[in-house]
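Peer 1: So that we are looking at the same thing, I have put the structure below in structure tokens.
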Amino acid sequence: MLLLLLRAASARAYSTVFFLSPSASYLTRWPVAWRTGEGVIDWQMGRWRQAPRPLGLLLAAILVGIVGRCDGGISSAYVRKAEKTIDMPLDSDVFRVPPGYNAPQQVHITQGDLDGTAMIISWVTEDEPGSSEVLYGTDENNLDLSAEGIYTRYKFYNYTSGYIHHCTISNLKHDTKYYYAIGIGDAIRKFWFISPPEVGPDVPYTFGLIGDLGQSYDSNITLAHYESNPNAQAVLFLGDLSYADKYPYHDNVRWDTWGRFVERNAAYQPWIWTAGNHEIDYAPELSIIHQSFQGETGIDDTLYQSLQGETIQFKPYTHRYWTPFESSGSTEPYWYSIKMASAHIIVVASYSAYGRYSPQFKWLEAELPKVNRSLTPWLIVLMHAPWYNSYNYHYMEGESMRVMYESWFLKYKVDVVFAGHVHAYERSYRVSNIAYNIVNGKCDPVPDESAPVYITVGDGGNLEGLATNMTQPQPSYSAFRESSFGHAIFEIKNRTHAYYTWHRNDDGNAVAADSMWFYNRYWQTAETTSAV
Ligand SMILES: [Fe+2]
């Protein structure tokens with residue numbers, strides 16, 4: 001209640017300061033301000049605002065001094081150390097190649113079907129193809145099951161990848177610890193994972209949220225911080241993995257180092273992948289011949305195209321990181337859905353076509369009505385470019401997708417949207433912004449209990465560093481924002497309640513720098529986080 005009073009007083013104080021200010025904008029607006037029986041009304045920012053009476057003026061003036069001029073929620077005053085974010089060198093221990101000839105490396109797993117009875121096991125062998133077989137079972141000493149995978153490889157400019165293996169193991173029992181072994185000879189490596197529980201409305205499950213991770217010293221702290229949470233069961237990764245494209249010629253060696261870096265967690269927990277802009281790897285400038293070459297030499301088109309730079313989008317990403325897109329009826333690996341425990345998770349692609357008639361549009365249009373909230377009450381959407389972002393970085397880059405899909409998210413009552421891309425943290429109130437059409441001018445976000453909470457967790461710690469510059473004042477839709485590296489945890493308790501926390505790297509694991517209880521949009525709407 002005290003917080004609400006402070007907020008209300010703060011908003012009024014803002015009006016008052018505006019009204020008393022001898023500024024040009026005040027002068028131009030003076031003709032539309034007048035006294036009423038309730039006080040002074042003036043016009044600002046497209047809204048009528050009411051200024052308080054003299055006693056209110058005094059109180060408001062005092063409160064302005066206390067809380068400052070701010071329309072939105074909290075802009076954290078936390079001051080983190082100002083050190084440059086740099087990548088770990090190639091000889092770092094986290095990039096170590098496992099011992100043994102042709103030993104499997106860069107091991108990672110992701111859910112392999114719609115409801116968690118399959119897992120895709122992926123790894124790389126550097127020297128020769130070796131074996132694509134996975135031995136697995138529930139008894140560590142008796143891996144009595146096996147599955148045969150495939151391998152692929154690719155070239156990128158002057159780089160040739162190792163042999164990238166993918167093997168889907170199926171018919172898994174739910175919520176069961178499986179051991180698996182890959183490799184041959186003296187380089188066999190063993191890992192384990194716990195399969196997701198059977199899908200059901202009250203099945204608890206704990207997700208980690210990591211985005212824009214990269215491979216800097218800060219990335220390592222983020223991953224270690226996440227690993228220190230003993231309850232997290234799977235990672236929802238929000239895009240931008242290795243940042244190899246920041247290196248000369250998109251040095252794909254940095255894709256390999258990143259794979260070895262995250263193996264310590266990604267080999268044991270399913271990581272659910274979202275494609276970010278650093279996965280596009282579109283580099284036509286890496287052409288090794290001049291355009292006149294074809295005319296001069298008369299080489300055929302196929303050979304000429306092969307020499308024309310890297311124009312196949314997402315090439316390293318799609319070779320290395322598979323998603324189970326086909327099991328949800330998707331036709332591309334960039335947008336798809338899975339069910340885990342009591343959650344239906346939809347991954348959308350910020351960097352694939354999403355306009356009307358595009359394959360992604362048609363898929364999402366058909367997908368949302370299929371979500372069965374009686375079976376999976378929690379509807380979670382992952383994307384890379386956020387729709388609601390009040391930092392001066394990537395500002396409004398998610399806007400066109402918001403225009404396309406936001407009304408669907410309200411109609412189908414999405415609980416939460418997680419995004420990355422902006423290298424900072426931000427959580428919104430429940431707001432929507434769908435009233436606008438091209439003539440009515442209604443373009444402000446408004447409180448909306450059918451709307452998701454939008455959370456940006458692009459603060460994994462990559463070499464590009466933190467986004468520190470925020471729009472001012474904090475917009476009314478923004479509940480909490482802070483420029484620190486970190487990760488988040490979304491802990492589903494049952495069909496109605498989930499507990500959400502954000503953890504900055506500078507704190508111990510037990511500390512939550514931001515938190516909120518989520519009340520399911522379908523089963524219980526009594527909450528509110530909306531205070532705009
Ligand atoms: Fe990004």
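So for the sequence shown, UniProt numbering puts the first residue at 1; every next one is plus one. Glycine included, every Cβ here is placed at the ideal spot set by N, Cα and C. None of these values were measured; they are calculated from a predicted model.
(1) With H, G and I counted as helix, E and B as strand and the rest as coil, what does DSSP make of Ser515?
(2) Please confirm whether any heavy atom of ligand 1 lies closer than 8 Å to the CB of Gly298.
(3) The alpha helix (DSSP H) with His174 in it runs from where to where?
(4) Would you decide whether Ser25 is buried or exposed? Buried here means 16 or more other CB atoms lie within 10 Å of its CB.
(5) Classify Trp502 as buried or exposed, calling it buried when 16 or more other Cβ atoms lie within 10 Å of its own Cβ.
(6) Regarding Asn277 and ligand 1, is the C-beta to nearest heavy atom distance less than 8 Å?
(7) Please check the pair Gln269 and Tyr243, which I expect to be a contact at CB under 8 Å, by giving their CB distance rounded to whole angstroms.
(8) Specify the secondary structure class of Gly185 as computed by DSSP and reduced to three states.
(9) Between the Cα of Pro386 and the Cα atoms of Thr376, Glu397 and Trp258, which residue gives the shortest distance?
(10) Taking Asp507 as the reference, which of Gly486, Asn141, Leu143 and Ser515 has the closest Cα?
(11) Output needed for Lys173: all residues of its chain with C-beta closer than 7 Å, excluding positions within five of it in sequence on either side, in chain order.
(12) Give a single yes or no on whether Asp281 has its beta carbon closer than 8 Å to a heavy atom of ligand 1.
(13) Give the DSSP bridge partners of Arg427, in chain order.
(14) List the whole-angstrom C-beta distance separating Thr110 from Ser170, where the pair is believed to meet the contact cut-off of C-beta under 8 Å.
(15) If you drop the 5 nearest sequence neighbours on each side, which residues of the same chain put their C-beta closer than 6 Å to that of Asn231?
(16) Going by the DSSP bridge assignment, what does Asp139 pair with across the sheet?
(17) When you measure from the CB of Gly398 to every non-hydrogen atom of ligand 1, does any distance come out below 8 Å?
(18) Determine the closest residue to Val253 out of Ala424, Leu303, Pro316 and Ala234, with distance taken between C-alpha atoms.
(19) Is His421 close to ligand 1? I mean its beta-carbon at under 8 Å from any heavy atom of the ligand.
(20) Please report the distance separating the alpha-carbon of Ala341 from that of Leu303.
(21) Less than 8 Å between the CB atoms is what I'm expecting for Tyr412 and Val371, so what's the real figure, rounded?
(22) Can you tell me the Cβ-Cβ gap for Pro128 and Asn102, rounded? I've got them flagged as a contact below 8 Å.
(23) Taking the alpha-carbon of Arg80 as reference, which of Thr468, Val417, Glu449 and Met404 has the nearest alpha-carbon?
(24) Please report the residue range of the alpha helix (DSSP H) in which Ser161 lies.
(25) In the DSSP assignment, find the unbroken alpha helix (DSSP H) run with Val262 in it and report its ends.
(26) Compute the Euclidean distance between the alpha carbons of Gln313 and Leu241, then round it to the nearest angstrom.
(27) With which residues is Arg504 paired in a DSSP beta bridge?
(28) Which one of Asn505, His344, Ser476 and Gln524 has the shortest CA to CA distance from Ser75?
(29) What residues are listed by DSSP as bridge partners for Val347?
(30) I need the DSSP call for Asp87, collapsed to helix, strand or coil.
(31) Would Ile121 and Thr168 be called neighbours here (beta carbons separated by less than 9 Å)?
(32) Along the chain, where does the alpha helix (DSSP H) containing residue 533 start, and where does it finish?
Peer 2: The structure says:
(1) The residue you call residue 515 lines up with position 515 of the sequence shown. In this structure, Ser515 counts as strand in the three-state DSSP scheme.
(2) Numbered from its first residue, the sequence shown carries residue 298 at position 298. The answer is no for Gly298.
(3) Position 174 of the sequence shown, counting from 1, holds the residue named residue 174. Element bounds for His174: n/a, residue is neither H nor E.
(4) Against the sequence shown, residue 25 aligns to sequence position 25. Here the model assigns Ser25 a pLDDT of 30, short of 50, so the residue's position is not dependable, and the following value carries that caveat. Burial call: exposed.
(5) Locating residue 502 in the sequence shown gives position 502, where the first residue counts as 1. Classification of Trp502: buried, given that the 10 Å Cβ count is 16 or more.
(6) Here residue 277 corresponds to residue number 277 of the sequence shown, with the count starting at 1. Yes, ligand 1 has a heavy atom inside 8 Å of this Cβ.
(7) Within the sequence shown, numbered from 1, the residue matching residue 269 stands at position 269. Within the sequence shown, numbered from 1, the residue matching residue 243 stands at position 243. Not confirmed; about 22 Å, so no contact.
(8) Your numbering for residue 185 matches position 185 in the sequence shown. Shown here, Gly185 sits in a helix according to DSSP, grouped into three states.
(9) Along the sequence shown, read from residue 1 onward, the residue named residue 386 stands at position 386. Comparing Cα-Cα distances from Pro386 to each of Thr376, Glu397 and Trp258, the minimum goes to Glu397.
(10) Taking the first residue of the sequence shown as position 1, residue 507 is located at position 507. Ranking Gly486, Asn141, Leu143 and Ser515 by Cα distance to Asp507 puts Gly486 first.
(11) In the sequence shown, the residue the question calls residue 173 occupies position 173. Excluding residues within five positions, the ones whose Cβ falls inside 7 Å are Ser195.
(12) For the purposes of this step, residue 281 is identified with residue 281 of the sequence shown, where counting begins at 1. False, no ligand heavy atom lies under 8 Å from that Cβ.
(13) The sequence position of residue 427 within the sequence shown is 427, counting from 1. Answer is Ile455 and Phe480, bridged to Arg427.
(14) By 1-based counting over the sequence shown, the position of residue 110 is 110. By 1-based counting over the sequence shown, the position of residue 170 is 170. Contact doesn't hold; Cβ gap of about 14 Å is too wide.
(15) The residue labelled residue 231 in the question sits at position 231 within the sequence shown. Within the same chain, Asn231 has close Cβ partners Thr206.
(16) Here residue 139 refers to the residue found at position 139 when the sequence shown is read from its first residue. Bridge partners of Asp139: Asn142.
(17) For the purposes of this step, residue 398 is taken as residue 398 along the sequence shown, with counting starting at 1. Not so, every heavy atom of ligand 1 lies at least 8 Å from the Cβ.
(18) Counting from 1 along the sequence shown, the entry for residue 253 is found at position 253. Closest option to Val253, Cα to Cα, is Pro316.
(19) Reading the sequence shown from its first residue, position 421 is the one you call residue 421. Yes, since a heavy atom of ligand 1 falls inside the 8 Å radius drawn around the Cβ of His421.
(20) Sequence index remark: in the sequence shown, residue 341 carries index 341 (1-based). Sequence index remark: in the sequence shown, residue 303 carries index 303 (1-based). The alpha-carbon atoms of Ala341 and Leu303 are separated by roughly 49 Å.
(21) Position 412 of the sequence shown, counting from 1, holds the residue named residue 412. Position 371 of the sequence shown, counting from 1, holds the residue named residue 371. With a Cβ gap of about 6 Å, Tyr412 and Val371 count as contacting.
(22) Here residue 128 refers to the residue found at position 128 when the sequence shown is read from its first residue. Here residue 102 refers to the residue found at position 102 when the sequence shown is read from its first residue. Looking at the sequence itself, residue 128 is Glu, so the reference to Pro does not match. With a Cβ gap of about 6 Å, Glu128 and Asn102 count as contacting.
(23) In the sequence shown, the residue the question calls residue 80 occupies position 80. The shortest Cα separation from Arg80 among Thr468, Val417, Glu449 and Met404 belongs to Thr468.
(24) Locating residue 161 in the sequence shown gives position 161, where the first residue counts as 1. Looking at the DSSP string, Ser161 is not in any alpha helix (DSSP H), and its letter there is neither H nor E.
(25) As a position in the sequence shown, residue 262 is number 262, starting the count at 1. Here the alpha helix (DSSP H) through Val262 covers Val253 to Ala266.
(26) For this step, residue 313 is matched to residue 313 along the sequence shown. For this step, residue 241 is matched to residue 241 along the sequence shown. Using only the alpha carbons, I get a separation of about 15 Å.
(27) Taking the first residue of the sequence shown as 1, we reach residue 504 at position 504. DSSP lists Gly486 as partners of Arg504.
(28) Along the sequence shown, one-based indexing puts residue 75 at 75. Checking every option, the nearest Cα to that of Ser75 belongs to Ser476.
(29) Walking along the sequence shown from the start, residue 347 turns up at place 347. Beta-bridge pairing links Val347 to Tyr336 and Leu382.
(30) The residue given as residue 87 occupies position 87 in the sequence shown. Strand.
(31) Sequence index remark: in the sequence shown, residue 121 carries index 121 (1-based). Sequence index remark: in the sequence shown, residue 168 carries index 168 (1-based). Yes, these two residues count as a Cβ contact at 9 Å.
(32) It is not possible to answer for residue 533, since the shown part of the chain is limited to 1 through 532.
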